[in-house]
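In what follows, a structure is listed as structure tokens, so that the remarks can point back to it.
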Amino acid sequence: MASVVKRTISVPADVFAAVEAEVTNQESLSTLFSEGARLLLRQRAGARAIATYESEHGPISQDALDEADRLLDEAGLG
Numbered sequence: 000m001a002s003v004v005k006r007t008i009s010v011p012a013d014v015f016a017a018v019e020a021e022v023t024n025q026e027s028l029s030t031l032f033s034e035g036a037r038l039l040l041r042q043r044a045g046a047r048a049i050a051t052y053e054s055e056h057g058p059i060s061q062d063a064l065d066e067a068d069r070l071l072d073e074a075g076l077g
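The numbers in numbering that gives the first Met the number 0 rise by one with no breaks, and the one at position 8 of the sequence shown is 7.
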């Protein structure tokens, strides 16, 4: 098992209630928070990668964005 760090965090009550409601018998509250944090980190890394690309090559064209949407839809991810 990977090492873990235990910390006390503050979470708005409504957010905590919604997250707690999503926890199943197969996962823990810590797992759900960890998965959410990982997703947020991947999204931010992706946004940084796009910003870097656009700073070097200019804005991504609408045609390229439309093609990406089409490919994601075909893969069931859109």
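Backbone N, C-alpha and C fix where the C-beta goes; we use that ideal spot for every residue, glycine too.
- request: Have a look at Asp72 and Ala63 and give me their C-alpha separation to the nearest angstrom.
  value: Approximately 14 angstroms, taken between the alpha carbons.
task: For Leu38, I'd like the list of residues in its chain whose CB is within less than 8 angstroms of its CB, leaving aside the five on either flank, ordered along the chain.
output: Closer than 8 angstroms at Cβ, skipping near neighbours: no residue.
field: Segment limits, alpha helix (DSSP H) that includes Arg43
entry: In the DSSP annotation of this structure, the continuous segment of the alpha helix (DSSP H) that includes Arg43 starts and ends at Leu28 to His56.
- request: Please state whether DSSP places Gln61 in a helix, a strand or coil.
  value: Here Gln61 sits in helix by DSSP.
- prompt: In whole angstroms, what separates the C-alpha of Val18 from that of Thr7?
  reply: Approximately 16 angstroms, taken between the alpha carbons.
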